[in-house]
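Below: one structure, written as structure tokens.
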Amino acid sequence: ANPTLDVGGSKQVNGGDNSVMVSGSLPLELGGRRSTRILVAEREVEMREAAFADRERALAAEVRAKFGEALAGVYKLGFTSDLLSTEERGYRLVVARVLEG
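Going from the sequence shown to this note's numbering is simple: count from 1 and add 12.
Next up, the structure:
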């Protein structure tokens, strides 16, 4: 716990009665409480860092997976386009044969 300093005051509107109050506190931590509190805080920071690193790894994996899906879509589109061109040439050949008799 941290030391605190509180200052307060009041003034009577129509009178001369004014008061000022100052208080302070300096917590005493006995029985090794401070070192335990610091240790708990350090472990909490470590846990949060580990959770952050885990989320970062998961997000990177998700991005790689989405990139792979997009790349597969590009390749599939190219293959389909090539297949369509081949089918159109075949169709034109069949039409030419039919016209020739």
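All C-beta atoms, glycine included, are put in the ideal place defined by N, C-alpha and C. What you are looking at is a predicted structure, and each value in this text was computed from that prediction instead of being measured.
In chain order, what residues of the same chain lie with their CB nearer than 6 Å to the CB of residue i, ignoring the 5 residues before and after it?
i, result
"D18", "S35"
"L38", "P15"
Just verifying my parser: in three-state terms, what is the DSSP assignment at residue i?
i, result
"D18", "strand"
"V32", "strand"
So which of the options has the shortest CA-CA distance to residue i?
i, options, result
"M33", "F91, V75, L83, K23", "K23"
Provide the residue(s) that pair with residue i in DSSP beta bridges, ordered along the chain.
i, result
"K23", "N30"
Please go through the same chain and pick out, in chain order, the residues whose beta-carbon is closer than 8 Å to the beta-carbon of residue i, but skip the five residues on each side of it.
i, result
"A63", "none"
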